[in-house]
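Heads up: the structure comes next, in structure tokens.
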Amino acid sequence: MPIPPHRRGARTGWAVQTPRPEYWIGRDEAATLCDLFAARVARTPDALAYRFYSPRRHEWISLSWAQVAARVQRWQAVLAEAGVQPGDRVAIMLRNSPEWLCVDQAAMALGAVTVGLFCADTPASNAHLIEDSGARVLVAVKTRWVERILEVDTCEQLETALVFNGEVGEAGRIRGAEAALAKAAEDHRAGISVEADALASLVYTSGSTGRARGAMLTHANLLFNAQACADALPPVDEQHALSYVPLPHSYERVVNAYRAMITGGVITFCRHPRFLGLTLARAPITTLIGVPRVFERFYIELNRWLSRRRPFVRRLVAFTISVGESVFEREQGRSRRRARHLLWPFLRYFVARRCLRLFGADMQYAVCGAAALPYPVARTLVGLGVPVLQGYGLTEAGPVVSVNRLHDNAIDSVGIVLAGVETKVGPDNELLVRGAGVMRGYWQDEAATRRTISAGGWLHTGDKVSRLDKNRLYLTGRMKEVIVMTTGEKASPEPLEETLRLDELVDRAVVVGEARPVLAAIVSCPADTLVPVMRRLGLDPNTPASLSSARLENFFIARFNQLLAGYPAHAQVRRVAITTDRWSQGNDLVTATDKTRRRRVARCYARDIARLYGRRAPGEKADVSQNTNLG
1 MPIPPHRRGA RTGWAVQTPR PEYWIGRDEA ATLCDLFAAR VARTPDALAY RFYSPRRHEW
61 ISLSWAQVAA RVQRWQAVLA EAGVQPGDRV AIMLRNSPEW LCVDQAAMAL GAVTVGLFCA
121 DTPASNAHLI EDSGARVLVA VKTRWVERIL EVDTCEQLET ALVFNGEVGE AGRIRGAEAA
181 LAKAAEDHRA GISVEADALA SLVYTSGSTG RARGAMLTHA NLLFNAQACA DALPPVDEQH
241 ALSYVPLPHS YERVVNAYRA MITGGVITFC RHPRFLGLTL ARAPITTLIG VPRVFERFYI
301 ELNRWLSRRR PFVRRLVAFT ISVGESVFER EQGRSRRRAR HLLWPFLRYF VARRCLRLFG
361 ADMQYAVCGA AALPYPVART LVGLGVPVLQ GYGLTEAGPV VSVNRLHDNA IDSVGIVLAG
421 VETKVGPDNE LLVRGAGVMR GYWQDEAATR RTISAGGWLH TGDKVSRLDK NRLYLTGRMK
481 EVIVMTTGEK ASPEPLEETL RLDELVDRAV VVGEARPVLA AIVSCPADTL VPVMRRLGLD
541 PNTPASLSSA RLENFFIARF NQLLAGYPAH AQVRRVAITT DRWSQGNDLV TATDKTRRRR
601 VARCYARDIA RLYGRRAPGE KADVSQNTNL G
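Numbering-wise (the numbering used here), the sequence shown opens with residue 1 and increments by one.
In structure tokens form, the structure reads like this:
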């Protein structure tokens, strides 16, 4: 099936639609997510739906839509037996798998509300989500995970925890999931009639600060967004998507799982992030729905591979990317045909394909959301022949607001607003959004709901718009994340941090400098990459003081000067503190959406920040404040 040409829609509120393939589920065929699933099973019962790798059987397993429906039916019986009633909350703490989506569909068929928990999150955080949502049933991977949560909080309203691995008791709240499913094999429970405005899921979001709040998303919210994404993203031959972004994210569920139900696509599940590269290389993935970090890692690995090659190879790859980008601009109608474009078929087959072996040979396009993708990364991928469609959204909006189109793709923007979504620029250039995907509000938090959704149904995103050009969005960062230095200069830390993360030695970085004369960076580096560097510099890796040596700091400052060469002088990083600590969800320094919690990192490394600003560079004014906050 050829990719249909994109037809640009008009401004806010409506768009010209391309004809949908006959195997898609139309808007008039499903009013709820339950209807959508039932319609897909009825239309293509024997078609391939999901693929996953079984560590127990050491093989890939494929499930048809009919097999998935049978599994959903069994889960429906299990949850009903556990006492789940319409409106009850069911928490899911599983890794990405068909099981996650089966529990999701079964709970919604009973009129229940699903609450996704992150397997990598702390027990305290997950306990808060269970307690705040009032979940009656929890489905989890391991008994130990549940026990750790209950050690933090008794979660008295939690009546049943169904687990797949670990010891379970005949009495008590923790029970075996497999035994319950086997018992329910012949129990066929009918679902209830669910209304479109019924609550479907509580998706907890806290951004980079604050206590997690549950965004109330209805069936209508999620289904509208999935249908709009299906129209915006092109169908491809043998549509085969990879699921690795944790399913508790509404982004992963809407753009991957629910959209696949509409289009009849196949989803391959990556059981753990460490197997992402292997899965991409071995599975016939045609579309990758991802977050910036996976694309950044490819960019870093590509540059690392090139650093070990001869200068001729490096020049050839650079030339290939340049030609590929030029061809991309011509295909977008932004440049003319050039003589060197004739080389592109040869360069793409013999050079670009080799560079893209990590992504697999079948990749036709990728979608990047959740955070901004650094321009050098987007340019490299586009130059190698993989169109990257950047998008923008937030959980409260259902979640997608905009996405680039395959034949109308500006890689420096976050895309064109979805059909049916309205946008406008508010005070201080804040982006405001309105549409059928906007959440009902925050769970049991009317004050926060009133602050976030203003009169007329406008959602305050907290993101700043640089410009809104014919319904195409260009963002500059968060409203509150601007560093004001004592010189009066201002700097947005987010793009600086994105650029620093392109260094192969850097895992994560946080830029600070509020009420300071210059910017500084706290940098987390993997020990296995940092140790060889320290030895080359004559430093002892086993001595903690070596991390704060001027020699190591100057080494990083020199590297960062090259990366930040395109930024103004006041936005250069003049101080660097290095740590080998790993920032993760486990130590609460990273959010579930892979965003670094700047303020928490600043508090955690307050002594290092004070040390950096405790000395003065030649010609530098004295500090006027000991404040280490980020504003």
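Don't be surprised by glycine CBs; every beta carbon is placed ideally from N, CA and C.
These figures come from a predicted structure and were not determined experimentally.
Residue i versus residue j - alpha carbon distance
i	j	result
residue 150	residue 127	7 angstroms
residue 281	residue 357	7 angstroms
residue 201	residue 609	41 angstroms
residue 309	residue 294	23 angstroms
residue 220	residue 507	39 angstroms
residue 516	residue 524	22 angstroms
residue 167	residue 91	20 angstroms
residue 49	residue 64	5 angstroms
residue 691	residue 351	For the chain, the structure presents residues 1 to 631; residue 691 sits outside this window and is missing.
residue 601	residue 368	25 angstroms
residue 243	residue 266	10 angstroms
residue 387	residue 230	17 angstroms
residue 6	residue 405	The predicted model places residue 6 with a pLDDT of 31, which falls under 50 and marks its position as unreliable; any figure quoted below should be read in that light. So the alpha carbons of these two residues sit roughly 7 angstroms apart.
residue 614	residue 589	25 angstroms
residue 390	residue 372	8 angstroms
residue 195	residue 31	8 angstroms
residue 276	residue 125	26 angstroms
residue 197	residue 33	11 angstroms
residue 439	residue 319	47 angstroms
residue 305	residue 321	15 angstroms
residue 624	residue 604	With a pLDDT of 30 at residue 624, under the threshold of 50, the predicted position of this residue should be treated as unreliable, though the coordinate-derived value follows. Computed Cα separation, rounded: 22 angstroms.
residue 262	residue 423	26 angstroms
residue 315	residue 29	54 angstroms
residue 412	residue 505	26 angstroms
residue 644	residue 396	Beyond the ends of the chain as shown, which are 1 and 631, falls residue 644; an answer cannot be given.
residue 597	residue 349	42 angstroms
Span of the beta strand (DSSP E), counted from its first residue to its last, around residue i
i	result
residue 188	It is not in any beta strand (DSSP E) - residue 188 carries neither H nor E in the DSSP assignment.
residue 53	48–54
residue 288	287–290
residue 199	199–205
residue 430	430–435
residue 422	421–425
residue 137	137–142
Other residues of its chain near residue i: CB distance less than 7 angstroms, five sequence neighbours each side excluded
i	result
residue 612	520, 575, 577
residue 246	96, 118, 252, 592
residue 543	none
residue 227	27, 262
Run of the alpha helix (DSSP H) containing residue i, from where it starts to where it stops
i	result
residue 534	527–536
residue 125	123–133
residue 73	65–81
residue 219	219–232
residue 34	33–43
residue 316	311–331
residue 277	276–282
residue 577	First-last for residue 577: 573–579, but that is the beta strand (DSSP E), not the alpha helix (DSSP H).
Helix, strand or coil at residue i according to DSSP, with G and I counted as helix
i	result
residue 174	strand
residue 595	coil
residue 410	coil
residue 551	helix
residue 182	helix
residue 383	helix
residue 241	strand
residue 157	coil
residue 590	strand
residue 101	helix
residue 389	strand
residue 93	strand
residue 561	helix
residue 269	strand
residue 355	helix
residue 119	coil
residue 337	coil
residue 438	coil
Cβ neighbours of residue i in the same chain (closer than 8 angstroms, five flanking residues each side left out)
i	result
residue 51	60, 61, 62, 63, 266, 267, 268, 269, 283
residue 638	Any answer about residue 638 is impossible in this case: the structure gives the chain only from 1 up to 631.
residue 483	490, 491, 492, 493, 511, 512, 513, 514, 519, 630, 631
Same chain, Cβ closer than 6 angstroms to residue i, five either side skipped, listed in chain order
i	result
residue 458	432, 434
residue 209	Note on residue 209: pLDDT 45, under 50, position unreliable in the model; no value is reported.
residue 472	413, 416
Just list the alpha helix (DSSP H) runs in the segment 453–520, keeping only unbroken ones of 4 residues or longer that don't cross its boundaries, in chain order.
493–500
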